[in-house]
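With our numbering applied, the sequence shown covers 1 to 248.
Every residue gets a Cβ at the ideal spot worked out from N, C-alpha and C, and that includes glycine.
Structure record follows, encoded as structure tokens.
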Amino acid sequence: MSQERLVCGLHAAQTALEHTPDKVVAAWVDEQRGDARIAKIRQALEGLGLTVQQSDRRRLDKMAGGVNHQGVVLRVRVPAEQGENELMDLLTRLDHPPLLLVLDQVQDPHNLGACLRTCDAAGVDGVVVTRDQSVALTPTVLKVASGAAETVPVFRITNLARTLRDLKDAGLWIAGASGDAPQSVYDADLKGPLALVVGGEGKGMRRLTREHCDLLVSLPMRGQVESLNLSVAAGVLLYEVQRQRSLG
């Protein structure tokens with residue numbers, strides 16, 4: 001099963017047309033724009049046999065709901081929402097040590113979109129988000145993700161503590177990111193099957209989430225600021241995991 005969502009913006013549209021053209025079902029373009037990037041998108045859409053609907057900016061603004069659409073909006077098919085059953089099924093199909101990013105109540109669409117983009121680049125197998133107090137895959141998330149929402153599976157779960165227990169039973173280690181953890185991420189062994197947990201903006205991991213972690217790691221902070229943006233921290237942590245794995 002699948003559902004449909006809007007993708008807004010030049011880069012997000014180009015990525016969708018390059019990587020998942022079969023998922024594009026409709027397109028609207030600003031009738032006042034005729035620059036080279038819009039022309040390239042028009043050509044790709046026409047090559048797919050899709051009719052490009054000419055629209056005024058007011059209509060595009062309404063469709064995009066405040067997202068900077070840059071004169072192009074696509075409607076694309078995306079997989080139906082996946083949950084814990086699909087997550088556990090994914091783990092059985094992987095031929096390498098799993099790497100998951102778990103976001104404990106992330107609410108900023110820009111953070112979720114940036115995390116998805118980073119996860120695609122870092123080879124993450126899936127992103128786990130909580131059903132409550134977490135942002136959905138909104139047009140803003142899809143735009144910031146720049147196509148990664150179509151390539152990185154997102155699993156929305158109801159009970160994070162239970163899911164972490166199930167991941168442990170499946171052989172994964174649970175590593176939580178915490179600013180007050182005494183162990184640096186650079187001193188931790190993260191080469192095996194791993195779920196990396198990052199807490200939501202401001203509050204970090206909840207107490208129960210923290211208690212289900214096998215180890216806690218921190219990022220060394222050399223300057224005056226106390227913490228990094230959620231998506232930036234997740235990127236640093238994920239690339240450290242892949243660095244360790246590349247060394248064997």
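Quick one: what's residue 4 bridged to in DSSP? 77
With C-beta atoms as the reference, is residue 174 less than 8 Å away from residue 198? no
Let me confirm a value: residue 51 is counted as buried when at least 16 other C-beta atoms fall within 10 Å, else exposed. Which label applies? exposed
Who does residue 249 pair with in a DSSP beta bridge? Within the shown structure, residues of the chain are numbered from 1 to 248, placing residue 249 beyond reach of any answer.
Based on the DSSP output, what are the partners of residue 22 in its beta bridges? Paired residues: none, contrary to the question.
Beta-carbon spacing of residue 141, residue 109 below 8 Å: yes
Nearest residue (CA-CA) to residue 16, options 189, 210, 30, 74: 74
Those runs of the alpha helix (DSSP H) which lie wholly inside the segment 74 to 149 and span at least 4 residues: 84 to 93, 109 to 122, 139 to 145
Kindly indicate which three-state DSSP category residue 181 falls into: helix, strand or coil? coil
Please determine if the segment 158 to 173 and the segment 93 to 105 are in contact, where contact requires at least 3 C-beta pairs separated by less than 8 Å. yes
By how many angstroms is the C-alpha of residue 248 removed from the C-alpha of residue 147? 30 Å
Less than 8 Å between the CB atoms is what I'm expecting for residue 143 and residue 67, so what's the real figure, rounded? 6 Å
Is the beta carbon of residue 125 sitting closer than 8 Å to the one on residue 151? no
At 3 residues or longer, what runs of the beta strand (DSSP E) sit wholly inside the segment 188 to 214? 194 to 199
Secondary structure at residue 72, three-state DSSP: helix, strand or coil? strand
Taking residue 236 as part of the alpha helix (DSSP H), name the residues at either end of that continuous run. 230 to 246
On a Cα-Cα basis, can you pick out the residue from 111, 53, 183 that is closest to residue 25? 53
Of the choices 35, 42, 65, whose alpha-carbon is the least far from that of residue 6? 65
Please work out which residues of its chain come closer than 6 Å, Cβ to Cβ, to residue 117, disregarding the five sequence neighbours upstream and downstream, and give them in chain order. 145, 146, 148
Where residue 170 and residue 127 are concerned, what is the direct C-alpha to C-alpha distance, given to the nearest angstrom? 16 Å
Relative to the alpha-carbon of residue 246, which residue among 122, 139, 177, 225 has its alpha-carbon at the smallest distance? 122
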